[in-house]
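Taking our numbering, the leading residue of the sequence shown gets -8, the next gets one more, and so forth. Even for Gly, the Cβ is constructed at its ideal location relative to N, Cα and C. Owing to the predicted nature of the structure, the values given are computational and were not obtained by experimental measurement.
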Amino acid sequence: MPVLLSTSHIGFESEFSSFLGRKRESEANLRDEVAEIIEIVRRRGDKALAEFTLKYDRFQLSSGSLPWSDDKIESEIGKVDPKEQDALERSAARIRDYHERQRPLDENWTDVAGARLGWRWTPVDTVGLYIPGGSASYPSSVLMSAIPANVAGARKLVIACPAPGGQVSPLLCMAAKLAEVDAIFPIGGAQAVAALAYGTESVPRVDMIAGPGNAYVAEAKRQVFGAVGIDMIAGPSEILIIADKKNDPNWIALDLLSQAEHDEFAQAILISTDSGLAHRVRIAVKELLNALPRRKIAGASWQNFGAVIVARNLDEAVDLSDRIAPEHLQLCVASPSKLAARIRNAGAVFLGRWTPEAIGDYVAGPSHVLPTSRSARYSSGLSVADFMKRTSITGFSKESLLAAGDAAETLAKAEGLDAHGMSIRARLDAARDQ
C-alpha cells in the first residue's frame, strides 16, 4: 500500500528519510549486458541492429527500413485523424513559441584594461532523439525534444523509436514532420543508443542524444556519454502535489494517477495540510483506478511507490518538497505563486487548481523532458540551451596585455608552468621595447 506519513508523528523524520532512500529503478544490474550490446553494434553495425530488432521488436529490418522512406512516413501521416492533427499543430505552435524565447544572447564588451571579452552561442550540429515506444506511443515527446533542438539551430535531427511488429504511430510521424525531423529510424533499446553514438552503415553518428527511455536506454546513455553528449539520465516519472483542504479529491486523485499510469516504477506523492482531504484522496484513487485502462501499471506504481503525507502547515510542505526535489510539482493552494517563490528544487511547477500537470505534458509550452530521481536539486528541464554550446571570446591588445599580463605571469610561475609565464613575458618585453 502507499506510504502514509504525518509530520506530527514521533519518528516521522526517520520514516521520511527511509522513504526518500527507496530505489524505484529496476534492481537488475544491466551494466554488463548493455556494454555487450553497445560493443556488438559498434563491431557489426546494421547487421547487429537487424538481429536485435528481430529479437526484441519482432520484425525484420530491410534495406529500405533505415531510415524509413519519406513515402512511408507520408503514408502514415495520412492516417492521422483531423482532430488529432489539429491538436498536434496547436501543441507544436505553443512549444515553439515558448522555446523561441529561450534563445541565449551573444555578448561582447571591452573591459577596463582594454581587453575584448565575450561569448557566442552555436548549435550542436547533429542530434539524435530517442522516443519511447512499445506499451505507449509518445508523439508529445517528439515535439518536446525536437522543437527545442530545432529552435537552437541543429543542422540535423534524427529519431530512433522502437516499432514493435514493424508498426509506428502515425501521430509520431506527424509530430516528427511538425518538428522538422530529418529521419526516423525504427530501432529501440540500448542498440539504438549505440547506433546513434557510434554510427552504422545507415545510422549517422550524432553529437548529442536526448530523450527518455527504459532502464536499458538510460544505462546505454550513461555508457556512451563522452563519445556523445546527453541531455540527462531520465528515471521513472514523478509527481508531487501540495494541496490545502479546498480541493476536489477526485481532481487530486486523477492528477496522481496521471503519472502513476506512465510506469510501474513511477511515483505519485500528495502532501496535504488537511488530513480529511488526504483521506478522501486515498479513497478516490482506489475508486478511480478501477476505471483506468492502464490500471495494472498505475496500481502497481501507487501501491509500491505512492505516498500521502499530512503536514501541519505549508512551511513544512515546502521543506519536504525541496527535499524530494520532484520532477513535477503541483501547487493546489490558495496562493500558488506566493508558494512557488519559496520552492528551490523542482523540475517544473504548476500553479493552482486549474493547472494539472497533464497540461504540461502536451500544450503548456515548456518541454516535458525533466530531471527525475531528485536530480532537480542540481539540474533543469530540457531547453534550447541544451542544444547549444557557449564559446568564450578573448582578445587582448598590446596595451591591455601590459595592464594584465604581469598578474598572469606571476600565477604561471606560482603553478610551476614555466612555458606559460615565458609565453606571456615574451610579449610583455616586446610591448615595452616599442
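Touching or not, the segment 361 to 378 and the segment 68 to 82, by the rule of three or more beta carbon pairs under 8 Å? no
Any idea if E18 is buried or exposed, counting beta-carbon neighbours within 10 angstroms, 16 or more meaning buried? Per-residue confidence for E18 stands at a pLDDT of 49, beneath the threshold of 50, marking its modelled position as unreliable; the derived number appears in the next sentence. Per the 10 Å Cβ criterion, exposed.
Do I28 and A181 have their C-beta atoms within less than 7 Å of each other? Going by beta carbons, I28 and A181 fall inside the 7 Å limit.
Under 8 Å, with one C-beta from each stretch per pair, do the segment 184 to 199 and the segment 226 to 236 reach the 3-pair mark? no
Just list the residues that DSSP pairs Q321 with in beta bridges. In the DSSP output, where bridge partners are listed per residue, Q321 has I232 and F341.
Coil, strand or helix - S(-3) by DSSP: strand
Short check: CB of G412 to CB of A403, under 7 Å? In this structure, G412 places its C-beta atom within 7 Å of the C-beta atom of A403.
So what's N205 in DSSP terms, helix, strand or just coil? Looking at N205 - three-state DSSP - the assignment turns out to be coil, as it is neither helix nor strand.
Just the C-alpha distance for T(-2) and I200, rounded to the nearest angstrom, thanks. 42 Å
Where does W242 fall in DSSP's three states? The three-state secondary structure of W242, taken from DSSP, is helix.
Could you tell me the boundaries of the beta strand (DSSP E) in which V184 lies? Not the beta strand (DSSP E): V184 falls in the alpha helix (DSSP H), residues G180 to Y189.
Which runs of the alpha helix (DSSP H), 4 residues or longer, sit entirely within the segment 4 to 66? Runs of the alpha helix (DSSP H) inside the segment 4 to 66: 22 to 35 and 37 to 48.
State the DSSP-derived secondary structure class of Y129, mapped to helix, strand or coil. The three-state secondary structure of Y129, taken from DSSP, is coil.
Since I175 sits in a beta bridge, which residues does DSSP pair it with? I150
From the DSSP output, read off the bridge partner residues of M199. V118 and G220
Could you check which residue in K329, E390 and Q258 has the C-alpha nearest to that of R15? Q258
Ranges of the alpha helix (DSSP H) found wholly within the segment 347 to 411, counting only runs of at least 4: 348 to 353 and 389 to 405
Are the CB atoms of V324 and D428 within a distance shorter than 7 Å? The structure shown has nothing for residue 428, since the chain only spans -8 to 425.
If you run the structure through DSSP and keep just helix, strand and coil, what is E98? strand
Measuring CA to CA, which of L21, D48 and L52 is closest to G429? Given that the chain is displayed from residue -8 to residue 425, the structure contains no residue 429 and the question cannot be resolved.
Could you have a look at I334 and say whether DSSP puts it in helix, strand or coil? Note: I334 maps to coil in three-state DSSP.
Which word fits K212, buried or exposed, when buried means at least 16 other C-beta atoms lie within 10 angstroms of its C-beta? buried
Leaving out five residues on either side along the sequence, give the residues of the same chain with a beta carbon under 6 Å from the beta carbon of S126. Caution is warranted here: a pLDDT of 49 is assigned to S126, below 50, making its placement in the model unreliable, and no coordinate value can be reported.
Here's the rule: buried if 16 or more other CB atoms are within 10 angstroms of the residue's CB, otherwise exposed. What is S132? buried
Taking only runs of the alpha helix (DSSP H) that begin and end inside the segment 231 to 310, which ones reach a length of at least 4 residues, in chain order? 240 to 251, 266 to 280 and 286 to 296
Given a cut-off of 7 Å, decide if G202 and L120 are closer than it, judged by their beta-carbon atoms. yes
I'd like the span of the alpha helix (DSSP H) that includes D77, first residue to last. Here the alpha helix (DSSP H) through D77 covers P73 to E91.
Does the Cβ of M(-8) have 16 or more other Cβ atoms within 10 Å, making it buried, or fewer, making it exposed? exposed
Contact between the segment 94 to 103 and the segment 152 to 163: three or more CB pairs below 8 Å? no
Just mark R335 as buried or exposed, buried being the case when its beta carbon has 16 or more other beta carbons within 10 Å. Exposed, since its Cβ has fewer than 16 Cβ neighbours within 10 Å.
Between R15 and chain C, is the shortest Cβ-Cβ distance under 7 Å, so that the two count as touching? Among the chains in the structure shown there is no chain C, since it carries only a single protein chain.
I think A349 touches V340, with their Cβ atoms under 8 Å apart; what is that distance to the nearest whole Å? In fact, because the Cβ distance is near 15 Å, the residues do not count as touching under 8 Å.
For the alpha helix (DSSP H) that M165 lies in, which residues bound it at each end? P161 to L169
Report yes if the C-beta distance between L342 and L322 is below 7 Å; otherwise report no. yes
Enumerate in chain order the residues of its own chain whose CB-to-CB distance from G190 is below 7 Å, with the five nearest sequence positions on each side excluded. R196
Burial state of F216, where buried means 16 or more other Cβ atoms lie within 10 Å: So F216 ends up on the exposed side.
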